[in-house]
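Read the structure below first, then the notes.
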Amino acid sequence: MESNINLVLDSDKQSVLNYFSQLFDEKVGVQKFDVNGISVQLKRIDALDIIPDSNSVKLSLPLAMSLYKSAGIFSVEATGKLAMKLAVKFQILKNNVLSTETNIISWDWIEEPKIEIGSLDLPVEKLTNLALKHYEPVLTAKMDELIAQNLNLNDFLHTMLVKSNEVISASDWLGIKYKPTIYSIDIHDFQLQNGRYKLDAKVFGDIEVSDSFIGSSFVPEIRLFPDGNKEKSSLSISVDLHFDVIKNIILDQFSEIEIGGKPLNLTDIDIHYIGDKLNLEIDIDSPIKADLFLSGKPRFDSNNQSIDFDDLDVKVKASNILYKLTAPVIAGVIENRIKSMVPISVRELLQIANQKLSDTTREKTGEKINLSIEESRVEEIIIYNNMISLKIGAYEVEVMVNLLPS
Numbered sequence: 116m117e118s119n120i121n122l123v124l125d126s127d128k129q130s131v132l133n134y135f136s137q138l139f140d141e142k143v144g145v146q147k148f149d150v151n152g153i154s155v156q157l158k159r160i161d162a163l164d165i166i167p168d169s170n171s172v173k174l175s176l177p178l179a180m181s182l183y184k185s186a187g188i189f190s191v192e193a194t195g196k197l198a199m200k201l202a203v204k205f206q207i208l209k210n211n212v213l214s215t216e217t218n219i220i221s222w223d224w225i226e227e228p229k230i231e232i233g234s235l236d237l238p239v240e241k242l243t244n245l246a247l248k249h250y251e252p253v254l255t256a257k258m259d260e261l262i263a264q265n266l267n268l269n270d271f272l273h274t275m276l277v278k279s280n281e282v283i284s285a286s287d288w289l290g291i292k293y294k295p296t297i298y299s300i301d302i303h304d305f306q307l308q309n310g311r312y313k314l315d316a317k318v319f320g321d322i323e324v325s326d327s328f329i330g331s332s333f334v335p336e337i338r339l340f341p342d343g344n345k346e347k348s349s350l351s352i353s354v355d356l357h358f359d360v361i362k363n364i365i366l367d368q369f370s371e372i373e374i375g376g377k378p379l380n381l382t383d384i385d386i387h388y389i390g391d392k393l394n395l396e397i398d399i400d401s402p403i404k405a406d407l408f409l410s411g412k413p414r415f416d417s418n419n420q421s422i423d424f425d426d427l428d429v430k431v432k433a434s435n436i437l438y439k440l441t442a443p444v445i446a447g448v449i450e451n452r453i454k455s456m457v458p459i460s461v462r463e464l465l466q467i468a469n470q471k472l473s474d475t476t477r478e479k480t481g482e483k484i485n486l487s488i489e490e491s492r493v494e495e496i497i498i499y500n501n502m503i504s505l506k507i508g509a510y511e512v513e514v515m516v517n518l519l520p521s
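Take 116 as the starting number for the sequence shown in our numbering and just add one per residue.
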């Protein structure tokens, strides 16, 4: 199964309707034209409504209609209100160009026209049909143009790329960096739920985690309403971390440990992998100045998501005569404390990393983008002489983008 995550574009309904109503006024505005010698004026009188409908979108457009014929004392004037129903079909062309086809499908009177003065030669119903037939090509062309100008998919992707790289730059937790690569996006559903429009999509790609690159660039293919059922989100993550970053992780994990009421302050770590043994030499500054030596054969338990060490050897050597006289008891406490931390919970480390990325995403986007990961687990660990490689599976990953808040 290809790696993929769930993407939800979420917007407050009223904010969307207000936004597109304003765009309608700017792009279409008040329309004036003549039909059979009668001047017709059409003007929006309320917010348009957007109704998701399978693979298309229906629009309800409330209009005020004015009819006027100048003929001296025989002048005619009539006004009414109608709701025009439109259907918009979408298609994505080459290079992610969004194409739309808008058609008027029906109209209903909100208030039937009242003739204020004079009389009409044609019935109001027939005159209205003639007026709307004249109005349709103008309206539908302007609606298609309005949508094309304000729903530019490549502009949206560029904005997402910029935001992604801002989050990635800010998510440099202990030297760990992220590089997403996106191959395609499938748009599945457009729905109205609890007063909010939601566009559900599936993003296919890969993500790499390392300490030697940052950021990403992509122009993925976008597919609209593809056939087939949506599969569950499953993301395969490749992680390559050199020992310098592993050192930072260890220092961070030890930063909150206390020995005898004093913090266990580690200043530096040397890591070596020789044969099948991992050797660590750690400089301790507090509660005693000493060197901590750890040696063992790492063994990854996939079921328990933990790393244990066979033949684990832990020793503390004080750095000078004064400490050597007072250190044995403290050294013993440190050695026992270190041994009690094994096996190491990989699950907890993943939870910390996931939470850090999620928090940074919210902070850097003003809570407009939220990331959630239901579950993640390490599938494989390989140790080299200068780095560690991991294969991580993340499941039910969802990115929710709040485009127009309430």
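Ideal placement from N, C-alpha and C gives every residue a C-beta, glycine not left out.
Asked	Found
Assign Ser185 to one of three DSSP states: helix, strand, or coil.	coil
Nearest-angstrom Cα distance between Phe369 and Ser401?	12 Å
Does DSSP put Thr243 in a helix, a strand or coil?	helix
Would you mind sorting Asp301 into buried or exposed? The rule is 16 or more other CB atoms within 10 Å of its CB.	buried
Within 10 angstroms of its Cβ, does Ile389 collect 16 or more other Cβ (buried), or is it exposed?	exposed
Applying the 10 Å Cβ sphere with the 16-neighbour rule, what's the burial state of Val354?	buried
Measure the C-alpha to C-alpha separation of Lys248 and Leu276 and round it to an integer number of angstroms.	43 Å
Give the DSSP bridge partners of Pro413, in chain order.	Phe424
What are the boundary residues of the beta strand (DSSP E) that includes Asp400?	Lys392 to Ser401
Exposed or buried, which one is Val212 when buried takes at least 16 other CB atoms within 10 Å?	exposed
What is the DSSP secondary structure of Ile467, reduced to helix, strand or coil?	helix
Is it true that the stretch 166 to 175 meets the stretch 143 to 157, where meeting means three or more beta-carbon pairs spaced less than 8 Å apart?	no
Tell whether a beta-carbon distance below 9 Å holds between Leu242 and Asn151.	yes
Are the CB atoms of Thr92 and Ile488 nearer to each other than 9 Å?	Past the edges of the chain, shown from 116 to 521, lies residue 92, and the structure says nothing about it.
I believe Glu494 touches Glu511 by the beta-carbon criterion, under 8 Å. Please report the beta-carbon distance rounded to the nearest angstrom.	Actually they do not touch by this definition, with Cβ atoms about 16 Å apart.
Consult DSSP for Tyr499 and reduce its assignment to one of helix, strand or coil.	coil
Need the endpoints of the alpha helix (DSSP H) that Ser136 sits in, please.	Lys128 to Lys142
Figure out for me which residue from Asp326, Glu336 and Glu141 has the closest Cα to the Cα of Gly320.	Glu336
Quick check: Arg452 and Leu379, are their CB atoms within less than 9 Å of each other?	yes
Take Pro413 as the anchor and find which of Ile384, Phe424, Glu192 and Asp406 has the nearest alpha-carbon.	Phe424
Check each candidate in Glu251, Phe408, Gln420 and Ser325 and name the one with the smallest Cα separation from Val360.	Ser325
Hey, how far is the Cα of Ser351 from the Cα of Glu323?	9 Å
So is Asn265 buried or exposed if we call it buried at 16+ other beta carbons inside 10 Å?	exposed
Would you kindly check if the distance between the Cβ of Asp426 and the Cβ of Ser410 is under 9 Å?	yes
Based on DSSP bridge pairs, tell me the residues matched to Pro167.	Val172
Compute the minimum distance between the beta carbon of Ser487 and the heavy atoms of the ligand MN, and state whether it is under 8 Å.	In the structure shown, the ligand MN is absent, as is every other ligand, since no ligand is present at all.
Measure the C-alpha to C-alpha separation of Thr255 and Asp223 and round it to an integer number of angstroms.	18 Å
Can you check DSSP and say which residues form a bridge with Ala405?	Ile399 and Ala433
My guess is that Val461 and Ser421 are in contact by the Cβ rule of under 8 Å, so how many angstroms apart are they, rounded?	6 Å
Among Ile397, Asn418 and Met199, which residue has its Cα nearest to the Cα of Ile160?	Met199
Gly508 by DSSP, collapsed to three states: which one?	strand
Classify Ser118 as helix, strand or coil using the three-state DSSP reduction.	coil
Pick out whichever of Val155, Glu117, Leu132 and Leu395 has its Cα sitting closest to the Cα of Leu176.	Leu132
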